[in-house]
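Taking it in order: structure first as structure tokens, then the write-up.
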Amino acid sequence: MSVEAGTHNGRIGVGQASWFALAAAAVLVIVGSWIVFYDGLSQMVKMWGREEYNYAYLVPLISAWLIWQKRGELAEIGVQGAWTGVLVIAGGLLLAFFGELSTIYTIIHYAFIVTIAGVALAWFGWRGLVVLAAPLFYLVFMVPLPEFLYQQVSGRMMLISSELGVAMLRLFGISVFLEGNVIDLGVYKLQVVEACNGLRYLFPLLSFGFLCAYLYKGPLWHKLLLMASTVPITIVINSFRIAVTGVLVENFGVEMADGFMHFFEGWVIFLAAVALFFGQMVVLARLSGRRAGLSELLRLELVLPQRGVSRNAGWLRPSRPLIAGVALLTVTAVAVAGLPERKEYIPDRRDFAAFPMQVGSWRGQELILEKKYVDALRIDDHILANFHNSDDPMHVNFYVAYYGSQRKGASAHSPRSCIPGGGWEITSLTNRVIDGAGPNGEPIRVQRAVISLGLAQQVVYYWFDQRGRHLTNEYHVKLMIFWDAMTRNRTDGALVRLVTPVAPGQTVESADTRLEDFMRSVYTKVEGFIPS
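My numbering numbers the first residue of the sequence shown as 853 and each following residue consecutively.
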């Protein structure tokens, strides 16, 4: 690490009054932010305990280090506070207010980052914000993805990774069969979730990739390529893990494969991905005509203030906009501390244990959903049953997952993201309105999917029953959760899914008729089990 310029007697010359004012402002910002954003920040830190996010403990520290690296440039700019920063702080506080009302923690997380950016703008002005843009943006990597988005991303990446791993095995002439969540190697069956264990290191690698791309000494397109490569590197590493496991099973037996699977997981995968990432960095440098070593490719210099600047500029002195912004944050914190706790309203309802298993000519047989799935989905109540009509040998699988609160990341996610995990392919996806299917005879709009696995076909109807609304789009669901949390203090809701097979010799339309009849006969009994 090299040091440019210098300091006066080893210290940045700032008067005692400036230091005192700066320390007071810092304390007020820290304490005020903790009070205003407490619910969101505490939940975020709790999420950091999950393996895929435990790198996030380092993100604020690295961001602070990157800002410290920029102190020389900030000294050159000096204090050029912008009153726009006060508006940004106000915007962040308003965003936090909406986040608290809606009980959607992700909004509070980003509101905190917006407020910190507003503090930087109020202190150093627009030029200073440009200097600090990357270190402040890096804070985004400490924010966990919303659960429904995480499930969609991870599910899609698991499928890609497992398909690529299976393709590698077939290149080696090894017989393998991928069916939904199972990679079948004959004598050895590998669960996709276990096989794709390494994908949980995508998020730390994304964070690491952004950091290295930012510090990399090279053209912009190199930086963008480095950042974009983190996703394929993670997928390829995980696919390689699957392929090697298959080769070991084929040539050395199950015990050797088990040993490799347990060794090549966790941080070993992450370090392998980092090694590939660094190798890519060196290759890019060589292709551009540079023969520098890895340490010379990263910008690690500390740029310190010039002597005259450090002695006379008073660049750490709080600006007037900063003082105003800190005052606004302090007043908001005092107001928040004095507000009573807003408890979410969860309406009374009947448990699905009381749902009738005999409705007209339809007779149901309840199925057991394993506890591990109930815990993973974080549902509060559910029903899973196969219903048969005396006039039709084919059944309808009836599943409802109910959530009393969807504020803490526990929420219904679309079957559209789960269906491929079972090996089924969605061949048709449309909206359909079923007249007279609601508890009061109202029509219900459903998402209709035709899925196939080999020669087998099934028809799936699903929708989100959300506080009296029947929705088919998960993003619309999130918007309505936000709206109802603010206006009704409620976030309860349910996912409803119906599945029926297409019998040999029958048409898809006959399966539609069966589902529609079930909805009009059985689903109308749901009143009282899902509050409107």
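Note that beta-carbon positions come from the ideal geometry of N, C-alpha and C, so glycine has one too.
Just so it is clear, the structure is predicted and the values come from calculations on it, not from any experiment.
- Nearest to residue 1006 by C-alpha distance, out of 898, 1086, 1130 and 916, is 1086.
- Nearest Cα to residue 1240 within the set 881, 1370 and 1092: 1370.
- 1264 is the residue among 1264, 1192, 983 and 1026 whose C-alpha sits nearest the C-alpha of residue 1325.
- Cβ contact annotation for residue 1282 (same chain, cutoff 7 Å, sequence separation greater than five): 1300, in chain order.
- Contact annotation, residue 1248 with residue 1347: C-beta distance approximately 16 Å; criterion of less than 8 Å not satisfied.
- Using a Cβ distance threshold of 8 Å, residue 1150 and residue 1224 do not count as a contacting pair.
- When DSSP states are grouped into helix, strand and coil, residue 1209 belongs to the coil group.
- For residue 1128, the secondary structure class from DSSP, reduced to helix, strand or coil, is helix.
- Counting every other CB atom within 10 Å of its CB across the protein chains shown gives residue 1082 a total of 16 or more, marking it as buried.
- Residue 1330 counts as buried, since at least 16 other C-beta atoms from the protein chains shown sit within 10 angstroms of its C-beta.
- Residue 1321 is positioned such that its CB atom lies no closer than 8 Å to that of residue 1267.
- The stretch 1226 to 1239 makes no contact with the stretch 1284 to 1298: fewer than 3 CB pairs, one atom from each, lie closer than 8 Å.
- Taking the C-beta atoms as reference points, residue 994 is found nearer than 8 Å to residue 908.
- In the structure shown, residue 1315 falls within a strand segment according to DSSP collapsed to helix, strand and coil.
- Excluding five sequence positions before and after residue 1128, the CB atoms of its chain that fall closer than 6 Å to its own CB belong to 1085, given in chain order.
- Under DSSP, residue 1345 takes part in a beta bridge, and its partners are 1255.
- The C-beta of residue 1343 has 16 or more other C-beta atoms within 10 Å across all chains shown, which makes the residue buried.
- Here DSSP, grouped into helix, strand and coil, assigns residue 1107 to helix.
- Rounded to whole angstroms, residue 1107 and residue 1218 show a C-alpha spacing of 39 Å.
- Residue pairing from DSSP places residue 1277 in a beta bridge opposite 1304.
- A contact between stretches requires three or more CB pairs, one per stretch, nearer than 8 Å, and the stretch 939 to 949 meets this requirement with the stretch 882 to 897.
- Looking at the DSSP output, residue 1285 shares a beta bridge with 1297.
- Residue 978 counts as exposed, since fewer than 16 other beta carbons sit within 10 angstroms of its beta carbon.
- Taken in chain order, the whole alpha helix (DSSP H) runs of length 4 or more contained in the stretch 868 to 917 are 868 to 888 and 890 to 899.
- Check the Cα spacing between residue 1035 and each of 1250, 1098, 1202 and 948: the tightest is with 1098.
- Taking residue 1171 as the centre and dropping the five residues before and after it, the same chain places the C-beta of 931, 933 and 975 closer than 6 Å to its C-beta, in chain order.
- Residue burial annotation: residue 1135 is exposed, with fewer than 16 other C-beta atoms found within 10 angstroms of its C-beta.
- As for any beta strand (DSSP E) of minimum length 3 sitting wholly inside the stretch 1008 to 1091, the runs are 1029 to 1031, 1034 to 1036 and 1041 to 1043, ordered along the chain.
- In terms of Cβ geometry, residue 1183 and residue 880 do not form a close pair [threshold 8 Å].
- Assigned with DSSP and collapsed to three states, residue 1151 falls in coil, not helix or strand.
- The Cβ neighbour count for residue 1220, taken over all protein chains shown within 10 Å, is under 16; the residue is labelled exposed.
- Here the alpha carbons of residue 1199 and residue 961 stand approximately 28 Å from one another.
- Between residue 1089 and residue 1125, the alpha-carbon positions lie close to 7 Å from each other.
- Within the stretch 922 to 970, the complete alpha helix (DSSP H) segments of 4 residues or longer fall at 923 to 929 and 936 to 954, listed in chain order.
- Residue 1279 sits exposed, since fewer than 16 C-beta atoms from the chains shown fall within 10 Å of its C-beta.
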